[in-house]
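According to the UniProt record's numbering, the sequence shown is numbered sequentially starting from 1.
Every residue gets a Cβ at the ideal spot worked out from N, C-alpha and C, and that includes glycine.
Remarks on the structure that follows.
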Amino acid sequence: MLYQDNSTDNAAQKHDSVAEEPVLTAYQSDSNIQQELDILENFILEGVHVPLSSLIIVDGGVIIEHIKSIKQNLPQALAISIEILQQRQAIIEQASNQAQEVVKSAQAEADRLLQESTLLRQTELEANKIKFQTQQECEQLRQATYAEIEQWREMATIEYEAIQKDADRYADTVLNDLEVKLSQMLAIVHNGRHHLEPDEQNQPHSVTYD
């Protein structure tokens with residue numbers, strides 16, 4: 001009787017535990033981006049309010065530093081998503097190789113039983129029966145393994161596409177928010193310069209160097 005080898009399941013569980021590490025890292029990277037956005041938002045809200053207006057004066061250097069930090073975290077999150085997909089592919093390949101080894105081992109066992117059962121007709125018939133059963137089990141195992149591999153491949157493809165779409169949407173949202181906030185800050189700077197123009201015209205121009 002052929003028993004199913006559970007090493008494929010154990011290997012898959014091991015790879016799943018390893019795959020949790022980049023998932024956790026991706027979550028931490030996403031948290032870092034969200035934290036930077038929250039800090040940037042609070043920094044803008046806590047800026048110096050221009051009297052009699054809704055304008056806020058903020059330090060552009062601080063804002064640029066937070067924007068740089070966000071840019072650094074975005075590629076990391078995308079790279080981790082790709083790493084997860086690669087680990088899924090490695091699991092599929094390992095399962096396929098182990099399934100082939102199981103089929104070879106079962107076929108070799110059937111041949112051995114057939115060769116050792118040539119002394120008696122009943123033994124030969126029993127060996128043929130065992131071989132037939134083994135072939136059936138091997139075929140069932142092969143079909144089940146290929147079906148499982150195909151299912152993993154489809155799941156990995158769907159997961160990759162979902163991650164890619166989420167990453168694109170997230171990047172677009174972050175960039176859109178940054179664009180809005182930068183536009184607001186540019187408007188503040190423009191209005192500030194506009195209010196300063198009368199004073200600058202009445203005073204001699206001077207150039208200072210840092």
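Distance, residue j Cα to residue i Cα
i, j, result
"Ile163", "Ala171", "12 Å"
"Gln4", "Gln133", "Residue placement at Gln4 is flagged as unreliable, the pLDDT there being 44, under the threshold of 50; a coordinate-derived value is accordingly withheld."
"Gly192", "Glu65", "22 Å"
"Val102", "Tyr146", "13 Å"
"Ile92", "Leu113", "32 Å"
"Ser54", "His195", "14 Å"
"residue 211", "Gln136", "A question about residue 211 goes unanswered here, because the residues of the chain that appear run from 1 up to 210."
"His15", "Gln87", "Because the pLDDT at His15 is just 48, under 50, the model does not fix this residue reliably, and the point stays unresolved."
"Thr173", "Val62", "21 Å"
"Gln94", "Gln140", "19 Å"
"Ala127", "Asp111", "9 Å"
"Leu52", "Leu85", "54 Å"
"Ser105", "Glu150", "23 Å"
"Gln122", "Glu148", "38 Å"
"Val180", "Tyr160", "30 Å"
"Ser69", "Cys138", "54 Å"
"Glu116", "Ile158", "50 Å"
"Leu125", "Lys131", "10 Å"
"Gln76", "Gln35", "15 Å"
"Leu182", "Asn42", "14 Å"
Identity of the residue in the options nearest residue i by Cα
i, options, result
"Val189", "Gly60, Gln135, Glu41, Asn42", "Gly60"
"Ala90", "Gly192, His194, Leu186, Ala156", "Ala156"
"Ile33", "Leu78, Leu85, Gln135", "Leu78"
"Leu45", "Ile56, Gln35, Leu52, Pro51", "Ile56"
"Ser31", "Val58, His49, Asn73", "Asn73"
"Ile67", "Leu40, Glu83, Ile82, Ser183", "Leu40"
"Asp166", "Arg121, Ser81, Lys131", "Ser81"
"Arg142", "Ile70, Gln98, Lys181", "Gln98"
"Lys71", "Ser96, Leu175, Glu124, Met185", "Leu175"
"Ser96", "Arg153, Ile158, Ala187", "Arg153"
"Ala144", "Glu83, Pro75, Gln100", "Gln100"
"Ala187", "Val50, Asn42, Lys129", "Val50"
Rounded distance between the beta-carbons of residue j and residue i, thought under 8 Å
i, j, result
"Asp177", "Leu37", "7 Å"
"Met185", "Val58", "7 Å"
Legend entry - Runs of beta strand (DSSP E) wholly within the region 97-128 (minimum 3 residues, chain order): none
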